[in-house]
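Residue numbers (our numbering): 547 to 771. Note that CB positions come from ideal geometry on N, CA and C, so glycine has one too. Structure, as structure tokens:
Quick look at the structure:
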């Protein structure tokens, strides 16, 4: 099945020095804050800025998780490890193995699919029913067939779609279908594995919630009704 978040494989400890994460990210159970109904997030990437608008009514479980991850800087340094032109750009494995390890089992319940997987829409990847954790993909084309597979969009790109179209895609699919980045090794080895083996990958430098964006986004939606 496409767009799955692979179940991490246990590996021997790596000797690569692992950066220490802020304490909040090492305790998933403590990050349970309810998200605003509508808010915006800016991703500063290696190709430029991308702004997404998130709507809690579309997928409340997914939005609450995304909000807490962004607020606590989970996605800073994360790579776009799976970029397939005309399909998706996928990210959401932490650059830090200590963080990836504790979030691997922090699953959230599925949300019903209320919006279609259109170009520019954000959706959590899964490894089966009720297995969403941290991985997200952005649709690079209209992918309505994913709707019936349970992939529930929770937001959309409002600025910077051209940036996403420029993300490096030369490595293709990961194992077992291709020779691209291995999700299990990203989880266990982090940024060091990607820097050594896939140096051309683009990444997220920072992901932040835009101040005042909730009110602005709500006003924009009201004006367009």
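Taking the CB atoms as reference points, tell me whether residue i and residue j lie closer together than 9 Å.
i: residue 693; j: residue 665; result: no
i: residue 701; j: residue 657; result: no
i: residue 697; j: residue 663; result: yes
i: residue 621; j: residue 738; result: no
i: residue 706; j: residue 595; result: yes
i: residue 724; j: residue 716; result: no
i: residue 623; j: residue 681; result: no
Residues in the same chain with beta-carbon distance under 8 Å from residue i, minus the five sequence neighbours each way, listed in chain order, please.
i: residue 547; result: Any reading at residue 547 is ruled out, since the residue's pLDDT is 40, under 50, leaving its predicted position unreliable.
i: residue 690; result: 662, 663, 664
Kindly give me the distance between the Cβ atoms of residue i and residue j, rounded to whole angstroms, as I take these residues to be in contact under 8 Å.
i: residue 686; j: residue 632; result: 6 Å
i: residue 572; j: residue 644; result: 7 Å
i: residue 625; j: residue 710; result: 14 Å between Cβ atoms; not a contact.
i: residue 699; j: residue 733; result: Incorrect: roughly 25 Å between the Cβ atoms, too far for contact.
Output needed for residue i: all residues of its chain with C-beta closer than 6 Å, excluding positions within five of it in sequence on either side, in chain order.
i: residue 563; result: Summary for residue 563: the model assigns pLDDT 40, below 50, so the residue's position carries little reliability; its value from the coordinates is reported in the next sentence. Closer than 6 Å at the Cβ level, and outside the excluded window around residue 563, lies no residue.
i: residue 559; result: Annotation note: pLDDT 41 at residue 559 (below 50); position unreliable, coordinate value reported separately. Result list for residue 559: empty, nothing under 6 Å.
i: residue 659; result: 693, 698
i: residue 590; result: 751, 752
i: residue 557; result: Only weak support is given to the placement of residue 557: the predicted model assigns it a pLDDT of 44, under 50, and the value that follows is read from those uncertain coordinates. Answer for residue 557: 734, listed in chain order.
i: residue 667; result: 685, 699, 702
i: residue 605; result: 657, 698, 700
i: residue 770; result: Any reading at residue 770 needs caution, since the residue's pLDDT is 46, under 50, leaving its predicted position unreliable; the model's value is listed next. Result list for residue 770: empty, nothing under 6 Å.
Excluding the five sequence neighbours on either side, which residues of its own chain have a C-beta within less than 7 Å of the C-beta of residue i, listed in chain order?
i: residue 592; result: 748, 749, 751
i: residue 653; result: 676, 677, 678, 679
i: residue 635; result: 626, 629, 683, 684, 686, 710, 713
i: residue 577; result: 570, 614, 618
i: residue 728; result: 720, 721
i: residue 648; result: 572, 574
i: residue 766; result: Because residue 766 carries a pLDDT of 48, less than 50, the predicted location of this residue cannot be relied on, and no value is offered for it.
i: residue 580; result: 610
Would you give the residue range spanned by the beta strand (DSSP E) that residue i belongs to?
i: residue 622; result: Here residue 622 belongs to no beta strand (DSSP E), and DSSP marks it neither H nor E.
i: residue 571; result: Segment: none, residue 571 is in no beta strand (DSSP E) and carries neither H nor E.
i: residue 586; result: 584–591
i: residue 647; result: Where residue 647 is concerned, there is no enclosing beta strand (DSSP E), although the alpha helix (DSSP H) it sits in stretches over 643–649.
i: residue 636; result: 634–637
i: residue 628; result: 628–630
i: residue 752; result: 750–755
i: residue 774; result: Shown here, the chain extends from 547 to 771; a query on residue 774 therefore has no answer.
Between which two residues does the alpha helix (DSSP H) harbouring residue i extend?
i: residue 782; result: No answer is possible for residue 782: it lies beyond the span of the chain, which begins at 547 and ends at 771.
i: residue 731; result: 729–735
i: residue 656; result: Unbroken run through residue 656: none, as it is neither H nor E.
**Message:** Could you tell me which whole beta strand (DSSP E) segments of length 3 or greater appear in the stretch 662–716?
**Reply:** 667–670, 682–685, 699–705
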